[in-house]
Amino acid sequence: MSLDQALDRGTSTPESAQAVGTERLVGRQVGQRLGTETFGAFYRSQYHAVVALAYALTGKAAVAEELAQDAFLVAYRNWGRISGYEVPGAYVRRVVTNMSVSFTRRLGAQARALARLASRTPTWTAPLDQPDADFWRSVRSLPPRQAQVLVLRYLEDRSSAEIAQILGCSEATVRVHLHNGRLSLASRLGIETNERS
Amino acid sequence: MTDKNLRSQLQVGELGERASSAASALLGKATLATAPDLRHVAVARRLSVVAALASFALVVGGIFALALFASAALPWIVGAVLLLAVAGVIVLGLHAGGHGWFVPLPVMVLAGTWALVVSAGHWTSPAAWALAVLAFASAFVGAALVVPAIAYRHAFGPSRSSTLPLGADGITIGPLSPVGLAKVNNETWTAESVSGPLPAGVPVHVVKVEGLRLLVWSEAGNVLGPDALGLANQEKEER
Chain A
1 MSLDQALDRG TSTPESAQAV GTERLVGRQV GQRLGTETFG AFYRSQYHAV
51 VALAYALTGK AAVAEELAQD AFLVAYRNWG RISGYEVPGA YVRRVVTNMS
101 VSFTRRLGAQ ARALARLASR TPTWTAPLDQ PDADFWRSVR SLPPRQAQVL
151 VLRYLEDRSS AEIAQILGCS EATVRVHLHN GRLSLASRLG IETNERS
Chain B
1 MTDKNLRSQL QVGELGERAS SAASALLGKA TLATAPDLRH VAVARRLSVV
51 AALASFALVV GGIFALALFA SAALPWIVGA VLLLAVAGVI VLGLHAGGHG
101 WFVPLPVMVL AGTWALVVSA GHWTSPAAWA LAVLAFASAF VGAALVVPAI
151 AYRHAFGPSR SSTLPLGADG ITIGPLSPVG LAKVNNETWT AESVSGPLPA
201 GVPVHVVKVE GLRLLVWSEA GNVLGPDALG LANQEKEER
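As given, the protein sequences belong to chains A and B, one line each in that order.
Take the first sequence: its letter number 5 is residue 5 in my numbering, and every next letter is one higher.
Take the second sequence: its letter number 166 is residue 166 in my numbering, and every next letter is one higher.
Structure follows, in structure tokens:
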């Protein structure tokens, strides 16, 4: 199946995809019923959630868009395999989280994003309010694995089992990263917690 | 600690509230991103890879062809291309501003050394080729360092044609006592408060632009209303 066919045979409309994209649990809800749907529907329904994930990990809106598109292209190339997964969205999220910490991937995405900005092609910019921007900046300042775990938890409200599935590690590892990451984050934001280190 | 307990701990408290607010804000903003037609993205990616490979092949093929058929012209051509590279990096370095003028220095030194070696009659020596390759590489690295900064400034820097921020809202980024710094329209300005001393982080409103200094008014100041704007005296004079 060509990419054209894959996209044309999508069943969801952009409006419905956008509506779903505003929900906190978009990735999981959509992902669980995707086994029989096409790549086009999958792409349209997951795009905004994946862009948000990439933005939380990179802090740059244009780069986040490029990384999300890269991840969906990878997903398309492997669609025959991952369409049979119980949660295909987890695959895209794993790709995007890995790309976000890869220096060369980020550099490539940054170059493309700059070329797009220089050519004045309209793009998404995300001027978050100062407290929200500070929060995500503090998350990004954590070690990469802790940041990935916290972003998946806070942004998508995922359980430790789901985060472990996405990142390809054990649940115990996820819980340790969550605990340590939360303590570090609270310290950086100047917030007191009841947890002990 | 079970996953359920951990999740409940994560969702409560100040940190949980901050996280929830930040997540909602980010997801709300992300819905503004336009999902591009992935067909176009795929084609653009392929085209850029093909264009890069074709350019590389053209350069390598050109050098080989010259080496075979016009070897006498080769040093002149290499020299001309090096000269262009040096000129290009100088222009980019100066255009970048700041410490950008450092960028052309290594290229100039390497290209100059190459010119000395070639003028001594050793243009086919490994040292000459190594110098030429190093000069090209440093020009490439210099451009790679500088071009993103220029592109970023071009895309996000203050526009020269932008109008003065009269009437715009902003926020103080340091205490105004009564002079300090404020951020208005994503630009940092020297600001003078007409509402008395102001702490950092309070919203301000630009009431006048005096050269490169903004006169700002804020509800958070201790001089409010007509007094702050000097209107009270004006009214008295009119009476």
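Ideal placement from N, C-alpha and C gives every residue a C-beta, glycine not left out.
For residue j and residue i, believed in contact at Cβ under 8 Å, the rounded distance
| i | j | result |
| --- | --- | --- |
| residue 63/A | residue 116/A | Not confirmed; about 10 Å, so no contact. |
| residue 140/A | residue 57/A | 7 Å |
| residue 146/B | residue 93/B | 6 Å |
| residue 98/A | residue 146/A | No, residue 98/A and residue 146/A are not in contact; Cβ-Cβ is about 15 Å, not under 8 Å. |
| residue 73/A | residue 42/B | 6 Å |
| residue 193/B | residue 174/B | With a Cβ gap of about 12 Å, residue 193/B and residue 174/B do not count as contacting. |
| residue 107/B | residue 130/B | Not confirmed; about 15 Å, so no contact. |
| residue 148/B | residue 114/A | 5 Å |
| residue 47/A | residue 35/B | 4 Å |
When the options are compared against residue i, the one with the closest alpha-carbon
| i | options | result |
| --- | --- | --- |
| residue 44/A | 211/B, 33/B and 53/B | 33/B |
| residue 53/A | 151/B, 50/B, 27/B and 206/B | 27/B |
| residue 23/B | 166/A, 73/A, 133/A and 182/A | 133/A |
| residue 39/A | 55/A, 160/A, 113/A and 85/A | 85/A |
| residue 143/A | 177/A, 96/A, 166/A and 163/A | 177/A |
| residue 92/A | 172/A, 104/A, 127/A and 49/A | 49/A |
| residue 111/B | 90/B, 176/B, 68/B and 190/B | 90/B |
| residue 161/A | 170/A, 96/A and 65/A | 170/A |
| residue 137/B | 103/B, 67/B and 13/B | 103/B |
| residue 79/B | 47/B, 117/B and 48/B | 117/B |
| residue 87/A | 185/A, 175/A and 42/A | 42/A |
| residue 70/A | 80/A, 102/A and 168/A | 102/A |
| residue 132/B | 49/B, 74/B and 37/B | 74/B |
| residue 188/A | 164/A, 174/A, 90/A and 135/A | 135/A |
| residue 139/B | 61/B, 63/B, 72/B and 87/B | 87/B |
| residue 199/B | 176/B, 119/B and 53/B | 176/B |
| residue 37/B | 127/A, 193/A and 65/A | 65/A |
| residue 124/B | 76/B, 109/B, 97/B and 95/B | 76/B |
| residue 135/B | 122/B, 109/B, 60/B and 97/B | 109/B |
Through-space distance from residue j to residue i, alpha-carbon basis
| i | j | result |
| --- | --- | --- |
| residue 202/B | residue 181/B | 12 Å |
| residue 25/A | residue 15/B | In this prediction, residue 25/A has a pLDDT of 35, which is less than 50 and means its spatial position is unreliable; nothing more can be read from the coordinates. |
| residue 32/A | residue 182/A | The predicted position of residue 32/A is uncertain, since its pLDDT is 40 and thus under 50; a value taken from the coordinates is nonetheless stated next. Computed Cα separation, rounded: 28 Å. |
| residue 2/A | residue 39/B | Reliability fails at residue 2/A, whose pLDDT of 49 lies under 50, so the model's placement of it is uncertain and the value that follows must be treated cautiously. Distance between the alpha carbons of residue 2/A and residue 39/B is about 10 Å. |
| residue 101/B | residue 211/B | 30 Å |
| residue 55/B | residue 151/B | 22 Å |
| residue 130/A | residue 178/B | 24 Å |
| residue 189/B | residue 216/B | 11 Å |
| residue 137/A | residue 59/A | 7 Å |
| residue 25/B | residue 83/B | 51 Å |
| residue 105/B | residue 111/A | 24 Å |
| residue 218/B | residue 197/B | 10 Å |
| residue 155/A | residue 95/A | 17 Å |
| residue 113/B | residue 44/B | 40 Å |
| residue 191/B | residue 166/B | 12 Å |
| residue 208/B | residue 184/B | 13 Å |
| residue 158/A | residue 49/B | 37 Å |
| residue 13/B | residue 83/A | 39 Å |
| residue 175/A | residue 191/A | 20 Å |
| residue 100/A | residue 163/A | 16 Å |
| residue 195/B | residue 214/B | 13 Å |
| residue 29/A | residue 165/A | Because the pLDDT of residue 29/A is 39, which lies under 50, any placement of that residue in the model is unreliable, and the number read from its coordinates should be weighed accordingly. Distance between the alpha carbons of residue 29/A and residue 165/A is about 16 Å. |
| residue 144/B | residue 187/B | 27 Å |
| residue 173/A | residue 127/B | 53 Å |
| residue 81/B | residue 46/B | 28 Å |
| residue 77/A | residue 90/A | 16 Å |
| residue 66/B | residue 58/B | 12 Å |
| residue 185/A | residue 127/A | 22 Å |
| residue 61/B | residue 115/B | 24 Å |
| residue 122/B | residue 108/A | 39 Å |
Bridge partners - residue i, DSSP secondary structure assignment
| i | result |
| --- | --- |
| residue 40/B | For residue 40/B, which the question treats as bridged, DSSP gives no partner whatsoever. |
| residue 48/A | DSSP lists no partner for residue 48/A. |
| residue 139/A | Note: residue 139/A sits in no beta bridge, so no partner. |
| residue 181/B | 190/B |
| residue 214/B | 191/B and 209/B |
| residue 150/A | Note: residue 150/A sits in no beta bridge, so no partner. |
| residue 170/B | 184/B and 204/B |
| residue 198/B | 176/B |
Taking one C-beta from the stretch 147–163 of chain A and one from the stretch 17–28 of chain B each time, how about it: are there three or more such pairs within less than 8 Å? yes
I'd like to know if the stretch 188–204 of chain B and the stretch 166–175 of chain B are in contact, where contact means that at least 3 CB-CB pairs between them fall below 8 Å. yes
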